[in-house]
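Novice: Under my numbering, residues 30 to 95 are what the sequence shown spells out, in order.
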Amino acid sequence: MKAPIEYIIVAVPFHADAATHDELARKVNETLRAGYELLGAPFLSEEMMYQAMIAPIIQPSPHPVS
């Protein structure tokens, strides 16, 4: 059985300038430090820029370690 995966979408308002990309990069880097990985390239709509990310869900061990 494969380990479950958690998905997250990081989003910022899209303004068609460098600040949008910088803000997305800052939020993505924070999320990378939290253990997530990139899932594909960033994508955008008329109002937002997005980056999909994933992380394995850590399952607690069924047997406590002594």
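No residue lacks a Cβ here, since even glycine has one placed at the ideal position from N, Cα and C.
1) Cα separation between A63 and I34?
2) Who are the Cβ neighbours of Y36 in its own chain at under 6 Å, not counting the five residues just before and after it?
3) Less than 7 Å separating the beta-carbons of L73 and F43?
4) Rounded to the nearest angstrom, what separates Y130 and A81 at their Cα positions?
5) A32 by DSSP, collapsed to three states: which one?
6) May I have the straight-line CA-CA distance separating A45 from L61, to the nearest angstrom?
Specialist: By the coordinates alone:
1) Cα to Cα, A63 sits roughly 14 Å from I34.
2) Counting only Cβ-Cβ distances below 6 Å, and skipping sequence neighbours, we find I83.
3) L73 places its beta carbon less than 7 Å from that of F43.
4) Past the boundaries of the shown model lies residue 130; the chain is included only from 30 to 95, so the question cannot be answered.
5) Assigned with DSSP and collapsed to three states, A32 falls in coil, not helix or strand.
6) For A45 and L61, the distance between alpha carbons rounds to 24 Å.
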